[in-house]
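Participant: The following block contains the structure, expressed as structure tokens.
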Amino acid sequence: MDRLAQRLSIARKALETLAELPLEPSADAVIRDAAIQRFEYTLEAVWKAAQLYLRECEGIDLASPKGVVRACYEAEARWGMQMVDDRNLTAHTYNEELAKLIFSRLPGHLALMRRLLEALGRNV
């Protein structure tokens, strides 16, 4: 399996681990915290797969998650930037209210990452 196909496969598997959790407002704190952790590693896998795609297929070399997200999500850049900001916040701080807010955004983040992986998969 070539490197890009492998990265896409890893990202898809990570995405499915996030998708299998109930991302509902009524979820308890354990589910919420697990979902936030899965979101962190899923976004990491997705942006790195997209980074490799941009480098190998488009000749675009970007080093940051936000640069990659901007390049991939031109039409949805605002949501994509919020997604990266949320990942950064969850990785570096813990605050109950912030956790609840970010958890409420996870269904949208999940859908956005899924659309990106589907688009990348069609172009490989």
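Read in order, the letters of the sequence shown correspond to residues 1 to 124 in our numbering.
We put the beta carbon where it would ideally sit given N, CA and C, even for glycine.
Determine the extent of the alpha helix (DSSP H) in which G121 is found, giving its start and end residues.
Facilitator: Here the alpha helix (DSSP H) through G121 covers E96 to N123.
Participant: Going by CA-CA distance only, name the one from L112, I31, A71 and G59 that's closest to M83.
Facilitator: L112
Participant: Quick check: the Cα distance between G80 and D33, rounded to an integer number of angstroms?
Facilitator: If you take the alpha carbons of G80 and D33, they lie about 21 Å apart.
Participant: When burial is assigned at 16 or more other CB atoms within 10 Å of the CB, is Q6 buried or exposed?
Facilitator: exposed
Participant: Provide the residue span of the alpha helix (DSSP H) that contains L43, from first to last.
Facilitator: A29 to Y53
Participant: Let's test the definition: count the other Cβ atoms within 10 Å of the Cβ of A92 and tell me whether it reaches 16, buried, or not, exposed.
Facilitator: Going by the sequence as given, residue 92 is His instead of Ala. Flag for H92 reads exposed.
Participant: Note down the Cα distance separating L43 from A63, rounded to an integer number of angstroms.
Facilitator: 15 Å
Participant: Mind checking A29: buried by the 16 CB within 10 Å criterion, or exposed?
Facilitator: Counting the other CB atoms within 10 Å of its CB gives A29 a total below 16, which places it among the exposed residues.
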